[in-house]
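K.L.:
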Amino acid sequence: MSASDFQSVGTETWRQDGIAKVTGAEQYAPDISVDRMWFGRVLRSPHAHARIVEIDTSAAEALGAVCLTFADIPKVKYNERIVSTPPCLYRDRYVLADKPRHVGEAIAGIAAPTEALAEKALRAIRVEYEPLQTIITMDQAMRDGAAPIHDTIRLMDDDIPIEHNIAVARTIEVGDIDRGFAESDIVIERKFKTNRIYHAQMETKTVLCRPEVDGGLTVWASTQSIHNTRILLGEIYAIPLHKLNVKKAALGGSFGSSIQMNSVTPICVGLALKSGRPVKIVSTREEDMYDHVRYPSEITLKLGLKADGALIAGHMRADIDIGAHNIQAYPFLGCMGGFWASLYTLPNLKYEGRAVYTNKTPSCAMQGFGAPQTTFAVECLMDEIAADLGLDPVQYKLAHYVGLGGTFWGQGPASKCIIRSDGVPELLKVGSEKIGWKNRPKAGSGSGRYRRGIGMARGFHTSGVGHPKTSGAEMIDYSGAIVKVNEDGTVDLVQSLMDHGGGTNDAIAKIVAEEIGVPAQMVGISPVDTRTTLYDVSTHATRGVYAGGAAALKAARKVRQMLLDQAGRVLDVLPESLVIEPDHELGQGVIHCPNLADRRITVGALAKHMQINSLGTIAAAESLRQVNCPPAYVSYFLELEVDTHTGQIKTRRAVLGSDCGTVVNPKLAAGQLVGGLSKGHGYALIEDNHWDPETGELASKGFWVDGKTPSMSESPLLDDVETHFAHTFEPTGPFGAKGLGEAAGNPAVAAFANAVHNAIGVRFYEVPITPEKVLAALAAKQGPGAPARPEEPVADEPRLDPAPAGE
Amino acid sequence: MYMATNTHILVPEFDYRRPGSLSEVLALAAEHGDRARLIAGGTDLLVQMKMERDAPSLVISLAGIEELRGIASGDGLTIGAMTTIRDVAGSATVRRQYAALHEACQAFSTVQIMVMGTLGGNLCNASPAADTAPALLVLDARVDLVTGEGGRSVALGDFFTGPGRTVLAGGEVMQSVTLPEPGAGTGSAFLKISRVVADIAQVCAAVRLVRDGDTITDCRIALGSVAPTPLRIGRAEASLTGGNGGLEAFERAARIAAEEIRPISDVRATAAYRRHAAGVIVRDALTTAWRRAGEGGGK
Amino acid sequence: MNDRRVRFTLNGEPREVSVKPNDLLLNVIRDDEKLTGTKYGCGIGECGACTVHIDGRPVLACLELAVAAEGREIVTIEGLAGNGGALDPLQEAFLDNGAVQCGFCTPGMIMMGRALLDETPEPSEAEVRDYLRGTLCRCTGYASIVQSVIDAGAKEAAAD
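Here the protein sequences come in this chain order: A, B and C. Per this note's numbering, residue 1 is the first one in the first sequence, and the count goes up by one each step. Per this note's numbering, residue 808 is the first one in the second sequence, and the count goes up by one each step. Per this note's numbering, residue 1107 is the first one in the third sequence, and the count goes up by one each step.
1) Near residue 207(A), which residues of its chain fall below 6 Å by C-beta distance, leaving aside the five closest residues on each side in sequence?
2) Please list the partners that residue 286(A) has in chain B, where partner means a Cβ-to-Cβ separation under 8 Å.
3) When the distance is taken between beta carbons, is residue 735(A) closer than 8 Å to residue 511(A)?
4) Relative to the alpha-carbon of residue 698(A), which residue among 289(A), 370(A), 106(A), 180(A) has its alpha-carbon at the smallest distance?
5) So is residue 1211(C) in contact with chain B if we call contact Cβ pairs under 8 Å?
6) Leaving out the 5 sequence neighbours to the left and right, which residues in its chain are closer than 7 Å to residue 391(A) when beta-carbon positions are compared?
7) Return the chain-ordered ranges of every beta strand (DSSP E) run that is complete within the region 563-610 of chain A and spans a minimum of 3 residues.
8) Let me make sure I understand the geometry here. Which of 115(A), 69(A), 85(A), 116(A) has the alpha-carbon closest to that of residue 94(A)?
9) Which term fits residue 588(A), buried or exposed, when burial requires 16 or more other beta carbons within 10 angstroms of its beta carbon?
10) Taking the alpha carbon of residue 891(B) as the reference point, which residue from 829(B), 904(B), 911(B) has its own alpha carbon closest?
11) Residue 849(B) touches chain C at which residues, Cβ-Cβ below 9 Å?
12) Does any C-beta atom of chain C lie closer than 8 Å to the C-beta of residue 176(A)?
13) How is the alpha helix (DSSP H) around residue 270(A) delimited, first residue to last?
14) Could you work out which residues of chain B lie near residue 1227(C), taking near to mean beta carbons separated by less than 7 Å?
15) Do the region 977-992 of chain B and the region 1071-1081 of chain B touch if we need at least three Cβ pairs shorter than 8 Å?
16) Per DSSP, residue 484(A) is paired with what?
17) Do residue 415(A) and residue 465(A) have their C-beta atoms within less than 8 Å of each other?
18) Helix, strand or coil for residue 1217(C)? Go by DSSP, reduced to three states.
19) Please compile the residues from chain A whose C-beta is within a distance smaller than 8 Å of the C-beta of residue 1080(B).
20) Which residue's Cα is closest to the Cα of residue 610(A): 352(A), 564(A), 51(A)?
21) Against chain C, with Cβ distances strictly below 8 Å, would residue 870(B) count as a contact?
22) Do you know how far the Cα of residue 743(A) is from the Cα of residue 633(A)?
23) Out of curiosity, what's the CA-to-CA distance linking residue 322(A) and residue 55(A)?
24) Go ahead and pull the three-state DSSP assignment for residue 685(A).
25) Enumerated in chain order, which unbroken segments of the beta strand (DSSP E) with a length of 3 residues or greater are wholly contained in the region 174-212 of chain A?
26) Might you give, ordered along the chain, the residues of its own chain that have their beta carbon closer than 7 Å to the beta carbon of residue 1035(B), omitting 5 neighbours on each side?
27) Taking the straight line between their C-alpha atoms, what separation do you get for residue 1063(B) and residue 1043(B)?
28) Under a Cβ-count criterion, where at least 16 other Cβ atoms within 10 Å of its own Cβ denotes burial, should residue 156(A) be classed as buried or exposed?
29) Would you give the residue range spanned by the alpha helix (DSSP H) that residue 927(B) belongs to?
30) Provide the residue(s) that pair with residue 996(B) in DSSP beta bridges, ordered along the chain.
31) What beta strand (DSSP E) runs, 3 residues minimum, are completely inside the region 128-167 of chain A?
32) With 8 Å set as the bound, which would you pick, yes or no: does the beta-carbon of residue 119(A) sit closer than that to a beta-carbon of chain B?
33) Rank 549(A), 477(A), 751(A), 38(A) by C-alpha distance to the C-alpha of residue 117(A) and give the top, closest one.
34) Examine chain C for any beta-carbon lying closer than 8 Å to the beta-carbon of residue 11(A), and answer yes or no.
35) Using the rule of at least 16 other Cβ atoms within 10 Å of the residue's Cβ for burial, across every protein chain shown, is residue 320(A) buried or exposed?
36) Quick check: what's the CA-CA separation for residue 1125(C) versus residue 852(B)?
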């Protein structure tokens, strides 16, 4: 089956929230206001690590503000990301800091009738700190005698001591690496380092909380999971869940930074409860920069191979700087190991991961959850091995990758599945052809100022965290959906799954339309909250379409059967003799009997018939966990141009391929890939964050430009970017679909590094590959004594000339 | 820590006046002295005020003073201090005769900032990284400053005294920027290197050459983001003046420029990178200006 | 710091509001006028999410004093669609091209795209990228947005 066999799946439609989004009518959390609302602000620590001696809020309260300090909050230690199961959920934080562990950590909350008063009150709070040793690097953190950032961490009912600031460590072993390395003809080891970049989602973390007269709360928040937000708030503030309603608001980007309940959310709730008023907190951009970053990594990868390149053994050690809190280090470490094990067949492997506390912004998921970091190391090293052995990297990778019939570790050791769809051969073939792989230059063979190079990398992300076991899971993974037929034959899809913007909800609406047999535009995505929806764990792990879509499909299948049963009665035929098909002219689903032309009724007419005869509503509510976690493969082929005089790198061409199974939203799917390239460009070449080693402050001081988010000008031209999709069908996915979102960027960093190598003959093991590093590497390549400045004649016209309009 | 940089509201309180004439502005400026700030585009001042680095008790808007706006040709060019960067960039005369200034304005941050920001504002803000400053320096710009007592004309090279500091006295207002008419055989160019296009320059450079056949008869080279103030590089200029143009000479001058500057390492670039990149863009800008000078028409 | 009355037109309607000298136009538009399509993204002119048109030119509402709006014509994203809700061709092009993902940058992007099309009908790709460079988007990689502005320009030229 392919997309062309479908009526709704794979068709182009305007996204359902599209008109609201292009007219400014869409309501994101910062856009929502309620009557009697006060404004909240947060007092944050100027110290990276300190004890609070005293907080004096009297002057702020005298101004009319309500203040929330550590003394006011419930002493519930929690982990803000309750995707992990309790035995895997390391809890180390309170609503407000017991002691500040990074600059910008929340010390107190303020609520006041106006934002101006809230700002004044914020400045009136006096805090006396006793500074402690500031630990910025992992080396400092693990040194003997380093100040403990956390003394203990809570797991289930135990307080586990923290040694050397190592929050958690994991080891995964398969086979016997000692034997494997002993049997290897070649052993190669490299160290890789990735950066600690900022999510740079457009919407800063926001929350609005309204206390209700029954003692309950209504909450609007930036979140990837309204249900997990509700559960956590219920636990922290001891409010029964039926009185606590979290409403879905449009999400202005997230990229993983709101899988966890964001730090402002419970503070706002505390302020609302204390003041008895609705309170809204919209984080400022600088606060947001101090709230979340991507996990950086230091990876040592050692591979043992036979003379022909066959991989025999591998040893990966990964140290992860998690910053001041352990948001999700345990699953992250597991994912890195699992993704590594799933890239290339390795009969003997050992993975050792450590997560280390430092006094910096806490790290969390960002599009890929360990896959970009791991893929950077593996895809670069595979490229290097192929070059050393005189093999074509594409052919070498094709010969050894984990594909059809192999085992895929979707999310660490506890979520594995057998691979049943595999578009890698097609992706690499098409990508090679489109980029002109065969004609790529010999690495470093170019001359002149501008040198072009072609590089590739492949990778994947999981589609959800499904697996067959009924116990021992590390992560929760199920979705729910309510599908109901309205009295005119339209359909409501009621689901708590969040859409990050990739079109998840639209894709699922198409899946529902396809299954029932109505035109796609007849399925509406309902505005929802936690009260009116079934539980959904979170829109993360690229699980939206594959797992959330499957839950909706299950409900739609039931609805379809109910329609057939009811229509059979009305039309006096066996339900088994009926089909439902969309009639696009009528704008209705039509139920008819192919053998008896006069037996037909529209879904609308049937629904109306049922209403006026009091026969009930056709609806189904279903919950579902996928038992598989198929890989969504992605390939990157890039052509870059390095300016050897300035060290700047430009993307000249990009061919991006995806194996997401059936493509449900074609243009939005392509947009995911192009978006992945943009974020990958930033990750690979420019973005980073710097914390002052003494003070622990962010060097950016709130200026976004220091995050270096790529703009339109840094992105390649329209004609230079091509996307393509493998013709695969995932048998376990809804209408053959699997994931795409996070996969879209996972191989990007490796592809950039490999293309830079092809251009200038230098391998970079650390990103971002900044102009400074490029120049230093070129100078080093020319050997000692060579001038720091390239002295070649200018063969080309200088291309920095920015004056097209003037010429 | 209350993290003022990106607050939703402007926290400092102040009074606001929007006079209708320059004389009123001068009177207010004289009366309130250091407690008053003039606001042009506001894109620098309001950020400084948000960060609470500046807290004037009075903000005097120049928006109502039409005579401070516009570009007038005659003997050279006079650009009103309140002319927006976007309008300078869009001027056909500037593009034709003062390419370095055109390019500096085109390279200026973002279009929204170009639409709001003014030439006078960019100069009076006196950032070492101000894009227009090196361009105006090589074009021999003078700035006209005025108080209620009268006016004075200051060479732009004498205007900047340090980061954020100028010779502007309390109550003094920049009225306009004047540029001499470019002679025959003049060519100029501006180049900038930044991390992302909307960023402040890691380093920027402007050059102007006057060409007579193969000979350089006059030359200006200036750089931004490489010292406490935008900087002319006299030794590099001298190395070219009177000699023949060409890659070798430009390379030599670029090397001198790279040696002469005093860059620092900061969040945007290392000093070493600035020094290196300065050499590259000075050479490239000289190459471009040389070509333009040869194309005639003062381009 | 006294309140003062400021008169301007907002999306074609005359308005008179009471503001303080330090009130920013962005907050007047969002909080007082309840037009929340104009977004706060950074507060210091780095992201373009707050772009509105003042007298036809694209301006950052986060760096504009509300008192300075006296006598001026302001158009926000809510003012682009015609009477009866007919979408602007640029809004349609965004939907046709899948140029809207999370949508938080979309109002600023469309206001910039519209300003460009008003200045330069049928812009080239280079002109689009140059003009919209100050509006950040983290989702799309920009290609679909650039395409939308080009498409809308071509469509408007064909309709003329």
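Cβ atoms here follow ideal geometry from the backbone N, Cα and C, with glycine treated the same way. Fair warning: this is a prediction, and the values are worked out from it, not measured in the lab.
P.N.:
Taking the coordinates as given:
1) 221, 264, 265, 268, 281
2) 810, 812, 813
3) In this structure, residue 735(A) lies closer than 8 Å to residue 511(A) by Cβ.
4) 289(A)
5) no
6) 309
7) Fully enclosed beta strand (DSSP E) runs of 3 or longer: 579-583, 588-593, 596-602.
8) 69(A)
9) buried
10) 911(B)
11) Among the residues of chain C, those whose CB is under 9 Å from the CB of residue 849(B) are 1169, 1170, 1171, 1174, following chain order.
12) no
13) Note, residue 270(A): alpha helix (DSSP H), 264-275.
14) Correct list: empty, because the minimum Cβ distance to chain B is about 16 Å.
15) no
16) 492(A), 619(A)
17) yes
18) helix
19) 647, 771, 772, 775
20) 564(A)
21) yes
22) 7 Å
23) 28 Å
24) helix
25) 186-194, 206-211
26) Closer than 7 Å at the Cβ level, and outside the excluded window around residue 1035(B), lie 935, 969, 970.
27) Spanning the alpha carbons of residue 1063(B) and residue 1043(B) requires a straight line of approximately 5 Å.
28) Burial call: exposed.
29) 926-932
30) 1014(B)
31) 152-155, 158-161
32) yes
33) Of the residues 549(A), 477(A), 751(A), 38(A), the one whose Cα lies closest to the Cα of residue 117(A) is 38(A).
34) No, residue 11(A) lies away from the interface with chain C (no Cβ there is under 8 Å from its Cβ).
35) buried
36) 20 Å
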